[in-house]
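Trainee:
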Amino acid sequence: MKKFTLAPLALAIALVGCDSAKTPTATQEKPAVEQQKLLADSNPFSKKWGTAHEMPNFAVIKNDHYLPAFKAAIKQQKQEIDAIVNQKSAATFENTIEAIEFSGNLLDKVAGVFYNLTSAETNDELKAIAKEVSPLLSAHSDDISLNDALFQRVAAVYDKKDSLELTTAQQKLLKDTYVGFVRSGAKLDAKQKDQIRELNAQLAKLTLQFGDNLLAETNSFEVVVDDKSKLSGLSDSVIAAAAATAKDRGQEGKWVFTTHRPSITPVTKFADNRELRKELYLGYINRANNDNEHDNKEILAKIASLRVQKAQLMGYKSHAHFVLEDRVAKTPAAVYELLNKIWPTALEKAKVEVADMQKLVDAEGGNFKIEAWDYPYYAEKIRKARYDLDEEQTRPYFALESTLQGVFHTAQKLFGITVKERTDLPKYHDDVRTFEIYEADGTYVGLFLADHYVRPGKRGGAWMNSYRKQYNMNGEDATPIIVNVLNYPRPTGDAPALLTFDQASTLFHEFGHALHGLLSDGKYRSQTGTATPRDFVEFPSQVMENWMLQPEVLAQFAKHYKTGEVIPQELVNKIQAASKFNQGFATTEYMAATLLDLNWHSLEDDKIRDTAKFEADALKEWGLINEIDPRYRSTYFAHIFSGGYSAGYYSYIWSDVFGADAFAAFQENGIFDKKTADAFRKHILSSGGSDDALNLYRKFRGKEASIQPLLKSRGLID
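The letter at position 218 of the sequence shown is residue 242 when you use our numbering, and the numbering goes up by one with no holes.
Next comes the structure, spelled out in structure tokens:
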């Protein structure tokens, strides 16, 4: 999942997510803002959308609307900040902290649309606009966070925090706002602030370029096959999809495979042709590492260097020390402590798995040593032999539509919500489906958008985001508009989109994020939904995955797309028996990427590294075996070099400690136990970031999280 940040504004100010509300007035002590026309009436961002639930009206938005809207929105927030600074009243929580929190609505509105589209439906025009807007947002962010007069007002309120009668959420907003200013450089001298501005501007430019390069490389690489005999082992649906891709690319009569997951994954798992597996795999792991115009090696090394400079300017030893200070983990040492509890066991298990595969290769007369492009293929062979389970047996039972209904059914049983599809609301692409979410009593909750299919203008992976977050201003509730974006294969021929087990699990995972946004119930936008520490935010989604394999849930949705037959219990038993299979590999490849991230961001000098050597040395240090590559190599590690996960990729396994321990509570009390589900909704989903994450978890679970359920769920201990 991707959690957006538009600019290096470390304040607790949410700059993403559109908003239909009026310019904010914090309370009776509101700072006065002179209203003036900043945006032409012809620009659709200048007014309410006028659609049901204030869904953005994509049909009327043109590319040339964005830049004027961004400039007007920046100017409007500047006026709002100036009004806070220039008011004569002494600083209070209401006229300063809340006023900052509620500023920037137009910017939220514009950015919420624009940055969702640059990930899900981009084009050359949008990419060009993003390059022009990026330095504007970076400078605007710095203008706020380095505004000394504004910080003095924030500090004045913070200094008397103990005498203020504030709610828990207000106390946290005050602390987060103050700390956000400090972590953005508010206490630095003038020269240092100028350095911070320059570093932020460079980082904004380079991280954007990293992502653009990766998308270009992902879209351009292809393997063309003109002999069908080379496709042995692939299913009819995969072959049909490759033929459709070839036709779309002007090579009708051939088969084209790409590095998009729906294309490469079945090849590496099932293609008997070893050279085909190798060619496609190497194309995937060498993205943005081909010494061409889209090469990322120098860019990422420069990003790492600049991050060291910025962290040390702020008084920290490394970027990792800076980042982790306001996460649940707090320190790099704490992260390494967790990883060291898991890495040795996972690596040893992976070595056993490799040895089993090598025995199979030798028994078949393969006469070669297992390589990384062989691992998935032989893992599937062993899975089939050991558990009598072939992934192609399960796909007919996981049609996308029925699986989506299974996700909705699970959420309904847990939280009482109902789902109603709307086909009359604006869409940014025909693939998008729109659903209204209601409480059991009929109260409207929010909109859920589902964008499921792979296409060229969409970045890889799966994520949740918001077009508008839930919050409450002046007693008026802004209802959320939440989107899940995935990259699933399209229907082929007479068959609907059929999912692998992992893809079906991802659907549950991402809707867990969506529920975090939809069921949010808070006042402050910077605290609602997924506005939690990065190493806590994956927790609700990881919990949600667990329901997919429960027999009573499978019986609801896992039905053969042709016959309607419910998935046989025998097959369910096989799936459950195989669920811990290959966990040595899965855990090791993830943790290798995590360790690579930490090594890049634990650097304590700003020397430009040779990317290939640095990566090789890091993986050698941790003893990674040659048969396994990190889930992400540096040149395409978008999470850490163009997303929000720098020094934070560990967050998935850190969150999974909470996730596994939380699901243990449901197992103890009943997987649909109402009391447990209500507590999970109240303290986790609805609370967002309105309190300390560990406090919220303790309120839900009644205790600290234990690592034991995680180790058991991954088959790393008995």
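Yeah, the Cβ is synthetic: ideal placement off N, Cα and C, and Gly gets one too.
A quick note: this is a predicted structure, and the numbers were derived from the prediction, not measured.
Within a Cβ cutoff of 8 Å, which residues of the same chain sit near LYS71, ignoring the five residues on either side of it in sequence?
Mentor: Excluding residues within five positions, the ones whose Cβ falls inside 8 Å are ASP65.
Trainee: Taking C-beta to C-beta, are TYR421 and HIS584 nearer than 8 Å?
Mentor: A contact, by the Cβ cut-off of 8 Å.
Trainee: Helix or strand or just coil, what does DSSP make of ASP200?
Mentor: Here ASP200 sits in helix by DSSP.
Trainee: Report the rounded CA-to-CA distance for GLN195 versus SER714, giving the unit in angstroms.
Mentor: Rounded to whole angstroms, GLN195 to SER714 spans 9 Å at the Cα level.
Trainee: DSSP three-state call for LEU190: helix, strand or coil?
Mentor: In this structure, LEU190 counts as coil in the three-state DSSP scheme.
Trainee: Measure the alpha-carbon distance for SER329 versus PHE665 and round it to whole angstroms.
Mentor: So the two alpha carbons sit approximately 12 Å from each other.
Trainee: Report buried or exposed for ILE331, applying the criterion of at least 16 other Cβ atoms within 10 angstroms of its Cβ.
Mentor: Note on identity: in this sequence residue 331 is Arg, with Ile being the wrong assignment. When all chains shown are included, ARG331 counts as buried.
Trainee: Can you tell me which of SER169, GLN233, LEU258 puts its alpha carbon nearest to the alpha carbon of ILE220?
Mentor: Measuring from the Cα of ILE220, the nearest candidate turns out to be SER169.
Trainee: Pick helix, strand or coil for ASN489, following the three-state DSSP scheme.
Mentor: ASN489 falls in the strand class under three-state DSSP.
Trainee: Could you check the C-alpha separation between ALA521 and THR434 for me, to the nearest Å?
Mentor: Their Cα atoms are separated by approximately 21 Å.
Trainee: If the criterion is Cβ atoms closer than 8 Å, does the pair ASP653 and ALA403 meet it?
Mentor: Cβ atoms of ASP653 and ALA403: not closer than 8 Å.
Trainee: Determine the direct distance from the alpha carbon of ALA144 to that of VAL40, and round the result to whole angstroms.
Mentor: Model confidence at VAL40 stands at a pLDDT of 26, short of 50, so the residue's coordinates are unreliable and nothing is read from them.
Trainee: Could you give the distance in angstroms between the alpha-carbon of LEU363 and the alpha-carbon of LYS61?
Mentor: Going by the C-alpha atoms only, they are around 54 Å apart.
Trainee: Going by C-alpha distance, which of TYR90, GLN732, THR116, LEU595 is nearest VAL181?
Mentor: With distances taken between Cα atoms, VAL181 lies closest to THR116.
Trainee: In whole angstroms, give me the CA-to-CA distance for THR231 and GLU594.
Mentor: Answer to the nearest angstrom: the Cα atoms are 49 Å apart.
Trainee: Which residues bound the beta strand (DSSP E) around LEU1?
Mentor: An answer regarding residue 1 cannot be provided, because it is not within the stretch 25 to 742 covered by the chain.
Trainee: Under the rule that 16 or more other beta-carbon atoms within 10 Å means buried, what is ASP680, buried or exposed?
Mentor: The residue in question, ASP680, is buried, as its Cβ has 16 or more Cβ neighbours within 10 Å.
Trainee: Between the C-alpha atoms of TYR452 and GLU445, what's the straight-line distance to the nearest angstrom?
Mentor: The straight-line gap from Cα to Cα measures roughly 16 Å.
Trainee: Quick one: Cα of LYS229 to Cα of ASN508, how far?
Mentor: Each residue's alpha carbon lies about 27 Å from the other.
Trainee: Give me the Cα-Cα distance between ALA93 and ASP350, rounded to the nearest whole angstrom.
Mentor: Each residue's alpha carbon lies about 33 Å from the other.
Trainee: So PHE560 and VAL352 are supposed to be a Cβ contact under 8 Å. How far apart are they, rounded?
Mentor: Right, the Cβ-Cβ distance comes to about 5 Å (below 8 Å), so this counts as a contact.
Trainee: Under a three-way DSSP split, which group does MET338 fall into?
Mentor: Coil at MET338, not helix or strand.
Trainee: Under 8 Å, with one C-beta from each stretch per pair, do the region 722–733 and the region 687–703 reach the 3-pair mark?
Mentor: The region 722–733 vs the region 687–703: in contact.
Trainee: Over the uninterrupted alpha helix (DSSP H) stretch that includes THR142, give me the two end residues.
Mentor: Run containing THR142: 129–144, per the alpha helix (DSSP H) assignment.
Trainee: Measure the beta-carbon distance from ASN606 to GLU377 and round it to whole angstroms, keeping in mind my assumption that it falls under 8 Å.
Mentor: Their Cβ separation, rounded to whole angstroms, is 6 Å, which keeps ASN606 and GLU377 in contact under 8 Å.
Trainee: How many Å lie between ILE599 and ILE288 at the Cα?
Mentor: Going from the Cα of ILE599 to the Cα of ILE288 covers about 23 Å.
Trainee: How would you write the range of the beta strand (DSSP E) that LYS444 sits in, first residue to last?
Mentor: Element bounds for LYS444: 442–446.
Trainee: Give me the Cα-Cα distance between ALA617 and GLU104, rounded to the nearest whole angstrom.
Mentor: If I take the Cα positions, the gap works out to 42 Å.
Trainee: What residue range is occupied by the uninterrupted beta strand (DSSP E) comprising GLU460?
Mentor: Segment 457–462, the beta strand (DSSP E) holding GLU460.
Trainee: Alpha helix (DSSP H) containing ASP236: first to last residue?
Mentor: First-last of the alpha helix (DSSP H) with ASP236: 214–244.
Trainee: Roughly how many whole angstroms lie between the Cα atoms of LYS736 and ASP742?
Mentor: Using only the alpha carbons, I get a separation of about 6 Å.
Trainee: Quick check: what's the CA-CA separation for GLU534 versus ALA114?
Mentor: Computed Cα separation, rounded: 45 Å.
Trainee: Using only alpha-carbon positions, find the residue among ILE731, ALA267, HIS77, ARG483 that is nearest to ARG285.
Mentor: Considering only alpha carbons, the answer is ARG483.
Trainee: When burial is assigned at 16 or more other CB atoms within 10 Å of the CB, is THR51 buried or exposed?
Mentor: Reliability fails at THR51, whose pLDDT of 35 lies under 50, so the model's placement of it is uncertain and the value that follows must be treated cautiously. The residue is exposed, with fewer than 16 neighbouring Cβ atoms inside 10 Å.
Trainee: Tell me which residues share the same chain as GLY128 and place their Cβ nearer than 6 Å to its Cβ, disregarding the 5 neighbours each side in the sequence.
Mentor: GLN101, listed in sequence order.
Trainee: Between THR47 and LEU131, what straight-line distance do the alpha-carbon atoms span, to the nearest angstrom?
Mentor: Its pLDDT being 28, under 50, THR47 is placed unreliably by the model, and the measurement read from it follows with that caveat. Looking at the two C-alpha atoms, the distance is approximately 11 Å.
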